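> Just dropping this structure here.
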Amino acid sequence: MIHIEALTKRFGDFAAIQSLDLHVRRGEVFGFLGPNGAGKTTTMKILVGLARPTSGRVLVGGVDVVREPIRARQVVGYIPDRPYLYEKLTAREFLAFTAGLFGLRFRELAGRAEELLALFDLEAWADELVESYSHGMKQRLTMAAALLHRPELLVVDEPMVGLDPRGAVLVKSLFRRMVGDGRSTVFLSTHTLEVAEELCDRVAILHQGRVIALGSLAELRLQVGDAGGRLEELFLRLTGGADAGAVLEEFHL
């Protein structure tokens with residue numbers, strides 16, 4: 007579903023991504039992990055067409071995201087870590103606006119919009135201005151908009167930000183259901199490694215713009231040589247994360 011080949015992105019002399027190669031299969035929940043500044047968000051912005059690579063190639067469903075950006079975006083839904091919405095619209099109006107961007111007809115929109123408003127528990131607020139929504143409600147509306155056109159690839163940056171426990175359970179169940187028939191793919195980035203461990207079929211760990219580990223949890227354990235390690239422990243060992251106790255001891259806390 008995703009083919010990234012020799013992808014590089016530079017900002018002046020700084021290389022945020024360095025010759026990145028990555029292949030994500032259709033029908034899997036794929037975790038894209040790494041410490042702050044590793045290049046995750048830059049990669050995801052290139053993937054959804056919000057940034058251009060310096061060099062390399064990115065294909066989504068066989069479509070080059072640089073050469074055919076509109077065609078590529080037709081099969082992609084994007085949920086950023088911060089919801090960017092038109093706050094002077096109601097939820098129904100925002101979904102109608104989003105539908106227009108994807109060329110959905112009114113008949114296609116009506117039932118789908120109501121279905122998603124119900125799924126994300128926004129029916130009672132559907133005709134209220136978005137500016138009156140809580141952060142969690144805005145995040146749920148962003149998810150509804152991203153799913154409106156039934157994307158083959160859902161790209162998600164920090165999916166649980168702002169969600170209450172009920173919303174988090176709903177979203178995790180939704181992601182697993184999306185990939186259940188093998189036609190859709192979820193590509194997610196999160197710092198909540200328990201979520202990645204629970205949801206992801208495979209993960210890639212990015213560090214300083216390069217993939218330093220790739221595979222299922224079992225495969226990562228083999229790479230690290232820790233047969234029973236949790237993802238958090240493997241992540242810290244691979245990225246050189248400092249022991250929290252040692253840090254506190256150094257600062258006499």
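Per this note's numbering, the very first residue in the sequence shown carries number 7; after that it's consecutive.
Note that CB positions come from ideal geometry on N, CA and C, so glycine has one too.
Being a predicted model, the structure only gives us computed values, none of them experimental.
1. Can you check DSSP and say which residues form a bridge with Thr148?
2. Quick one: what's Glu11 bridged to in DSSP?
3. Compare the beta carbon distance of Leu169 and Val162 with 8 angstroms and say whether it is the shorter of the two.
4. What's the gap between the Cα of Ala21 and the Cα of Glu129?
5. Could you work out which residue in Ala97, Gly142, Phe108, His141 is closest to Glu121 when comparing CA atoms only?
6. Compute the beta-carbon to beta-carbon distance between Ala233 and Arg227, rounded to the nearest angstrom, for a pair I have assumed lies under 8 angstroms.
7. Enumerate in chain order the residues of its own chain whose CB-to-CB distance from Arg189 is below 6 angstroms, with the five nearest sequence positions on each side excluded.
8. Confirm, please, whether the CB-CB distance from Val136 to Glu93 is below 8 angstroms.
9. Quick one: is Ser138 buried, meaning 16 or more other Cβ sit within 10 Å of its Cβ, or exposed?
10. Measuring only the C-alpha atoms, how far is Leu331 from Met149?
11. Rounding to the nearest angstrom, what Cα-Cα distance links Leu194 and Val35 in this structure?
12. Would Glu11 and Arg63 qualify as a contact pair, given that the criterion is a beta-carbon distance under 8 angstroms?
13. Measure the alpha-carbon distance for Arg111 versus Gly117 and round it to whole angstroms.
14. Below 8 angstroms on the Cβ atoms is my guess for His197 versus Glu239; work out the distance and round it to an integer in Å.
15. Exposed or buried, Val107, counting other C-beta atoms within 10 Å across all chains shown (16 or more means buried)?
16. Rounded to a whole number of angstroms, what is the C-alpha to C-alpha distance between Asp19 and Leu56?
17. Start and end of the beta strand (DSSP E) containing Arg216?
18. My assumption, with CB atoms under 8 angstroms, is that Glu158 sits in contact with Gly67. Please give the rounded CB distance.
19. With Ser179 as the anchor, note down where its alpha helix (DSSP H) starts and where it stops.
20. Out of Arg88, Thr49, Lys15, Gly83, which one is the CA nearest neighbour of Thr60?
21. In the DSSP assignment, find the alpha helix (DSSP H) that holds Arg243 and state where it starts and stops.
22. Identify the continuous beta strand (DSSP E) that holds Phe193 and give its terminal residues.
23. What residue from Gly142, Phe103, Ile76 has the CA that sits closest to Pro171's CA?
24. By the 10 Å Cβ neighbour count, where 16 or more other Cβ atoms means buried, how is His155 classified, buried or exposed?
25. Just grab the DSSP bridge partners of Tyr84 for me.
26. Looking at the structure shown, is Val253 part of a helix, part of a strand, or coil, going by DSSP?
27. Using the C-alpha atoms, what's the distance from Val201 back to Ala44?
Quick look at the numbers:
1. In the sequence shown, residue 148 corresponds to position 142, counting from 1. None, per the DSSP bridge assignment.
2. Taking the first residue of the sequence shown as 1, we reach residue 11 at position 5. In DSSP, Glu11 forms a bridge with Arg63.
3. The count along the sequence shown starts at 1 and reaches residue 169 at position 163. The count along the sequence shown starts at 1 and reaches residue 162 at position 156. Cβ distance not < 8 angstroms, so Leu169 and Val162 don't count as in contact.
4. Residue numbering aside, residue 21 sits at position 15 when the sequence shown is read from its first letter. Residue numbering aside, residue 129 sits at position 123 when the sequence shown is read from its first letter. Roughly 45 angstroms between the two C-alpha positions.
5. Translated into positions along the sequence shown, residue 121 becomes position 115. Glu121 has its Cα closest to that of Ala97, out of Ala97, Gly142, Phe108, His141.
6. Looking up residue 233 in the sequence shown gives position 227. Looking up residue 227 in the sequence shown gives position 221. The C-beta distance from Ala233 to Arg227 rounds to 6 angstroms, short enough to meet the 8 angstroms contact threshold.
7. Your numbering for residue 189 matches position 183 in the sequence shown. Same-chain partners within the cutoff: there are none.
8. Taking the first residue of the sequence shown as position 1, residue 93 is located at position 87. Taking the first residue of the sequence shown as position 1, residue 136 is located at position 130. Yes.
9. For this step, residue 138 is matched to residue 132 along the sequence shown. Its Cβ having fewer than 16 others within 10 Å, Ser138 is exposed.
10. The displayed coordinates of the chain run from 7 to 259. Any statement about residue 331 would go beyond what the structure contains.
11. Walking along the sequence shown from the start, residue 194 turns up at place 188. Walking along the sequence shown from the start, residue 35 turns up at place 29. CA-CA distance, Leu194 to Val35, rounds to 7 angstroms.
12. As a working mapping, residue 11 is identified with position 5 in the sequence shown. As a working mapping, residue 63 is identified with position 57 in the sequence shown. In this structure, Arg63 lies closer than 8 angstroms to Glu11 by Cβ.
13. Here the question's residue 111 lines up with position 105 in the sequence shown. Here the question's residue 117 lines up with position 111 in the sequence shown. Roughly 11 angstroms separates the two Cα atoms.
14. Within the sequence shown, residue 197 is the residue found at index 191, counting from 1. Within the sequence shown, residue 239 is the residue found at index 233, counting from 1. Contact doesn't hold; Cβ gap of about 15 angstroms is too wide.
15. The count along the sequence shown starts at 1 and reaches residue 107 at position 101. As written in the sequence, residue 107 is Leu, which differs from the Val given in the question. Answer is exposed; the Cβ neighbour count stays below 16.
16. Translated into positions along the sequence shown, residue 19 becomes position 13. Translated into positions along the sequence shown, residue 56 becomes position 50. About 21 angstroms.
17. Against the sequence shown, residue 216 aligns to sequence position 210. First-last of the beta strand (DSSP E) with Arg216: 216-221.
18. Here residue 158 corresponds to residue number 152 of the sequence shown, with the count starting at 1. Here residue 67 corresponds to residue number 61 of the sequence shown, with the count starting at 1. So it is a contact: roughly 6 angstroms between Cβ atoms.
19. On the sequence shown, residue 179 is found 173 positions in, with the first residue counted as 1. Where Ser179 is concerned, the enclosing alpha helix (DSSP H) stretches over 171-184.
20. Your numbering for residue 60 matches position 54 in the sequence shown. With distances taken between Cα atoms, Thr60 lies closest to Lys15.
21. Position 237 of the sequence shown, counted from the start, is the residue given in the question as residue 243. Taken as a continuous stretch (DSSP letters only), the alpha helix (DSSP H) holding Arg243 covers 237-245.
22. By 1-based counting over the sequence shown, the position of residue 193 is 187. Note, Phe193: beta strand (DSSP E), 191-195.
23. Sequence index remark: in the sequence shown, residue 171 carries index 165 (1-based). For the residues Gly142, Phe103, Ile76, the minimum Cα distance to Pro171 belongs to Gly142.
24. As a position in the sequence shown, residue 155 is number 149, starting the count at 1. By the neighbour-count criterion, in which 16 or more other beta carbons inside 10 Å mark a residue as buried, His155 falls on the buried side.
25. Walking along the sequence shown from the start, residue 84 turns up at place 78. In DSSP, Tyr84 forms a bridge with Val161.
26. Looking up residue 253 in the sequence shown gives position 247. Note that Val253 scores 44 on pLDDT, short of 50, meaning its location in the model is unreliable and no value can be drawn from it.
27. On the sequence shown, residue 44 is found 38 positions in, with the first residue counted as 1. On the sequence shown, residue 201 is found 195 positions in, with the first residue counted as 1. The alpha-carbon atoms of Ala44 and Val201 are separated by roughly 19 angstroms.
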